[in-house]
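Written below as structure tokens is the structure these notes are about.
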Amino acid sequence: MENNTKQIALSIEQMKHLKELGCDTSLASMHYIYMPTVDSIINGTEEVEVEPDLFTNCPNMKHEHPAFTLQDILEVLEKTRYESIEFPMIMLDYNIMNGFWYITLRNVDGFEAPSYKEKSVLDAAYKMLYWALENKCIK
């Protein structure tokens, strides 16, 4: 998100990228919805607001776009599979000194996926999910 408000869900663009990689976006617990303008309600047109509003799950609405929260991403990552690697774990760390979140997938046998570092835990989780999808690790 470009504004200074706290980001609680992925952007429409991020969700489009995940969908292109084959992610099931129907699992999203939130949705961006382009609400009809007052003029469209009065005149019966299809005109919608320029910026979408974020709502909890509102499937089957016109002009809606699913949006993953951090919990949604973690639940999708939970379905990560590896051929001979048992007990994968999602590791989230926050470094107080530099203010970055770190996320990686690893297991007790020493396997470790690339680690991602971001100021936003949601952005770090998005990058890890993107990696898991690109590398065909999602069930």
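Position 105, counted from 1, in the sequence shown is what numbering that gives the first Met the number 0 calls 104; the numbers after and before it change by one each time, with no gaps.
The beta-carbon is built from N, C-alpha and C at its ideal position, and this holds for glycine as well.
Since this is a predicted model, take the numbers as computed values, not measurements.
Mind checking whether Tyr101 and Ala123 have CB atoms under 8 Å apart?
yes
Under the rule that 16 or more other beta-carbon atoms within 10 Å means buried, what is Gln13, buried or exposed?
buried
Does the Cβ-Cβ distance between Thr44 and Ile137 come in under 8 Å?
no
Quick check on DSSP: helix, strand or coil for Glu133?
helix
Any idea what DSSP makes of Val75, helix, strand or coil?
helix
Which residue's Cα is closest to the Cα of Val37: Glu48, Lys15, Phe99 and Gly21?
Glu48
Beta-carbon within less than 7 Å of Thr55's beta-carbon, same chain only, minus the 5 sequence neighbours each way: which residues are those?
Ser28 and Met29
Nearest-angstrom beta carbon gap, Val120 and Glu69 [assumed within contact, 8 Å]
Sequence check: residue 69 is Leu here, not Glu. 6 Å between Cβ atoms; contact.
Would you mind working out which of Ser10, Trp130 and Lys118 sits nearest Glu63, comparing C-alpha positions?
Ser10
Between Pro65 and chain D, is any beta-carbon pair separated by less than 8 Å?
In the structure shown, chain D cannot be found, because there is only a single protein chain.
Please report how far the alpha carbon of Lys135 lies from the alpha carbon of Asn42, in whole angstroms.
48 Å
Counted within 10 angstroms of its Cβ, other Cβ atoms place Tyr31 as buried (16 or more) or exposed:
buried
Reference Ala8, options Asn106, Leu53 and Leu17, closest by Cα:
Leu53
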